[in-house]
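The working numbering puts the first residue of the sequence shown at 2, with every later residue one more than the last. Don't be surprised by glycine CBs; every beta carbon is placed ideally from N, CA and C.
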Amino acid sequence: MKWGSLEDTFDFSCIHCTLHPLFLEGKGPILEYAELILHDDFFNRIEVTHIADPLVRREFAHRARICRVSRSYLMQPVIFGKRLNPHSHLLEERRRSLHEMNLCLEEAAEIEADMVLFCSGPNDSEDEELVSQAYVDLIGVLSERASVLGLELLLEPFDDKVDKKRWMGSNERLMLLLEKTKDISNFSIVAELSHFPLLQETVTGVMTAMGHHPGHVHIGNCVLTQSDARYGDSHPYFGYPQGCNDVPEIADLLCSLAKAGYLGGDTAGSLGIEIIPRQDEQVKDILMNAKRTVRAAWRQAKQQLHMEGAV
Numbered sequence: 002m003k004w005g006s007l008e009d010t011f012d013f014s015c016i017h018c019t020l021h022p023l024f025l026e027g028k029g030p031i032l033e034y035a036e037l038i039l040h041d042d043f044f045n046r047i048e049v050t051h052i053a054d055p056l057v058r059r060e061f062a063h064r065a066r067i068c069r070v071s072r073s074y075l076m077q078p079v080i081f082g083k084r085l086n087p088h089s090h091l092l093e094e095r096r097r098s099l100h101e102m103n104l105c106l107e108e109a110a111e112i113e114a115d116m117v118l119f120c121s122g123p124n125d126s127e128d129e130e131l132v133s134q135a136y137v138d139l140i141g142v143l144s145e146r147a148s149v150l151g152l153e154l155l156l157e158p159f160d161d162k163v164d165k166k167r168w169m170g171s172n173e174r175l176m177l178l179l180e181k182t183k184d185i186s187n188f189s190i191v192a193e194l195s196h197f198p199l200l201q202e203t204v205t206g207v208m209t210a211m212g213h214h215p216g217h218v219h220i221g222n223c224v225l226t227q228s229d230a231r232y233g234d235s236h237p238y239f240g241y242p243q244g245c246n247d248v249p250e251i252a253d254l255l256c257s258l259a260k261a262g263y264l265g266g267d268t269a270g271s272l273g274i275e276i277i278p279r280q281d282e283q284v285k286d287i288l289m290n291a292k293r294t295v296r297a298a299w300r301q302a303k304q305q306l307h308m309e310g311a312v
């Protein structure tokens with residue numbers, strides 16, 4: 002296994018829709034913030050959610066195309082915002098969820114995205130068999146439409162008990178789902194570092210549950226101290242005093258990804274950075290914090306792998 006330069010090893014992206022609270026509603030200074038990413042050659046991809054204004058959508062896609070920045074579309078804010086439950090015991094709710102998610106696929110194609118990320122509904126059903134089958138059925142239908150539109154479909158597991166309380170989170174459920182969807186060629190999983198502590202899962206455990214390397218990776222921070230203002234899946238900057246993830250944790254993840262073949266091959270591994278700034282924090286400072294953290298973690302990971310004889 003050999004790693005080249007940072008740019009050769011990684012295809013970095015930034016989750017745009019968490020940089021301003023209005024973006025979760027498809028509003029706000031979307032293009033102004035997008036420019037911070039489109040004009041930063043550290044990033045080769047930008048990850049956005051629903052953009053309400055069709056004129057802004059077209060302008061965004063046009064500018065991203067000129068800047069040669071790939072696009073991912075995130076359904077998660079739509080699923081949360083519209084309280085969708087695609088595996089509900091109610092047929093009407095499953096139909097509503099599928100309708101809204103299909104609209105997201107259409108919008109993703111409109112902005113010329115190649116990846117669409119989504120999550121499960123709330124973890125509030127006692128009928129495990131019904132939920133599991135309903136979700137497998139939904140993924141099958143979504144993947145067919147995504148395939149027609151030229152889109153990869155990626156599921157992001159969230160915590161199931163602490164903050165977001167989604168049904169798909171634990172390694173046990175993930176392994177069962179992957180077994181049932183193994184024949185869907187355009188479907189894979191997002192490994193999200195910030196969710197591992199919330200699920201009380203380790204990097205090794207998550208990678209083992211996946212059975213192979215993920216389709217995409219997100220790195221972020223979270224807080225497990227209940228008395229802290231940022232408790233939960235809050236994505237503070239790296240180095241936040243009560244945060245769970247910083248350079249050592251990111252380095253461990255990179256080592257696991259390298260050993261799984263996700264890094265160090267002919268194709269750069271896609272890795273998205275997710276941070277939610279507070280009102281007293283500047284977005285440019287937050288982005289610089291993330292880039293310097295990733296560079297430090299990459300150096301540490303290379304040292305660890307060298308000591309283990311893996312590089």
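Taking residue i as the reference, give the member of the options with the closest Cα.
i	options	result
Ser121	Pro55, Asn187, Pro242 and Leu139	Leu139
Ile80	Gly27, Arg66, Ser235 and Glu309	Gly27
Asn290	Trp168, Tyr241, Arg58 and Arg146	Tyr241
Asp42	Leu7, Arg59 and Phe61	Leu7
Ser235	Lys183, Asp267, Phe159 and Leu106	Phe159
Pro249	Asp229, Ile287 and Gln301	Gln301
Val142	Ile185, Gly233 and Leu179	Ile185
Gly29	Phe11, Thr10, Arg58 and Asn222	Arg58
Ser71	Glu93, Ala297, Asp247 and Glu153	Glu153
Val137	Ala230, Glu180, Asp286 and Ser257	Glu180
Phe119	Leu104, Glu127 and Glu129	Leu104
Gly216	Asp247, Ala230 and Leu258	Leu258
Glu129	Ile47, Phe11, Asp9 and Leu177	Leu177
Ser126	Gly151, Glu111, Ser89 and His100	Ser89
Glu60	Gly151, Glu282 and Glu113	Glu113
Glu48	Lys260, Ala252 and Ala62	Ala62
Thr209	Ala192, Leu199, His219 and Ile220	Ala192
Phe13	Asp247, His219, Lys303 and Ala230	His219
Ile31	Glu202, Lys165, Ala110 and Asp54	Asp54
Is residue i buried or exposed, if buried means 16 or more other CB atoms sit within 10 Å of its CB?
i	result
Val207	buried
Met313	In this structure the chain extends from 2 to 312, so residue 313 is not present and cannot be described.
Met76	buried
Lys83	exposed
Leu306	buried
Thr294	buried
Ser98	buried
Met102	buried
His213	exposed
Val149	exposed
Ser228	exposed
Pro278	buried
Pro237	buried
Asp161	buried
Glu275	buried
Leu200	buried
Thr268	exposed
Quick one: what's residue i bridged to in DSSP?
i	result
Ser73	Glu48 and Met116
Ala167	Note that residue 167 is Arg in the sequence shown, not Ala. Its beta-bridge partners are Pro123.
Ile276	Partner(s): none; Ile276 has no beta bridge.
Phe13	Leu272
Val224	Gly233 and Gly244
I'd like to check one pair, residue j with residue i: are the Cβ atoms closer than 9 angstroms?
i	j	result
Arg69	Asn45	yes
Leu25	Cys18	yes
Pro22	Thr50	no
Ile190	Glu108	no
Gly270	Leu264	yes
Ser171	Cys245	no
Met116	Leu156	no
Arg167	Asn124	yes
Phe197	Asn222	no
Leu254	Val204	yes
Leu92	Leu288	no
Val163	Gly262	no
Pro87	Ala35	no
Val284	Leu20	yes
Arg146	Leu106	yes
Gln174	Ser133	In the sequence on display, residue 174 carries Arg and not Gln. Against a cut-off of 9 angstroms, the Cβ pair of Ser133 and Arg174 comes out as a contact.
Ala252	Ala298	yes
Starting from residue i, follow the alpha helix (DSSP H) in both directions and report where the run begins and ends.
i	result
His219	Segment His217 to Ile220 is the beta strand (DSSP E) holding His219; no alpha helix (DSSP H) there.
Ile38	Ile31 to Leu39
Glu101	Leu92 to Glu111
Leu143	Glu129 to Val149
Asp42	From DSSP, Asp42 is part of no alpha helix (DSSP H); its letter is neither H nor E.
Asp286	Val284 to Met308
Ser257	Val248 to Lys260
Leu23	No alpha helix (DSSP H) contains Leu23, which DSSP labels as neither H nor E.
Lys83	Per DSSP, Lys83 belongs to no alpha helix (DSSP H) and is neither H nor E.
Thr205	Val204 to Met211
Phe239	Phe239 -> no alpha helix (DSSP H), and no H or E assigned at all.
His63	Pro55 to Cys68
Lys181	Asn172 to Lys181
His214	Where His214 is concerned, there is no enclosing alpha helix (DSSP H), given that its DSSP letter is neither H nor E.
His196	His196 to Leu200
In terms of residue numbering, what span does the beta strand (DSSP E) encompassing residue i cover?
i	result
Ile190	Phe188 to Glu193
Glu153	Glu153 to Leu156
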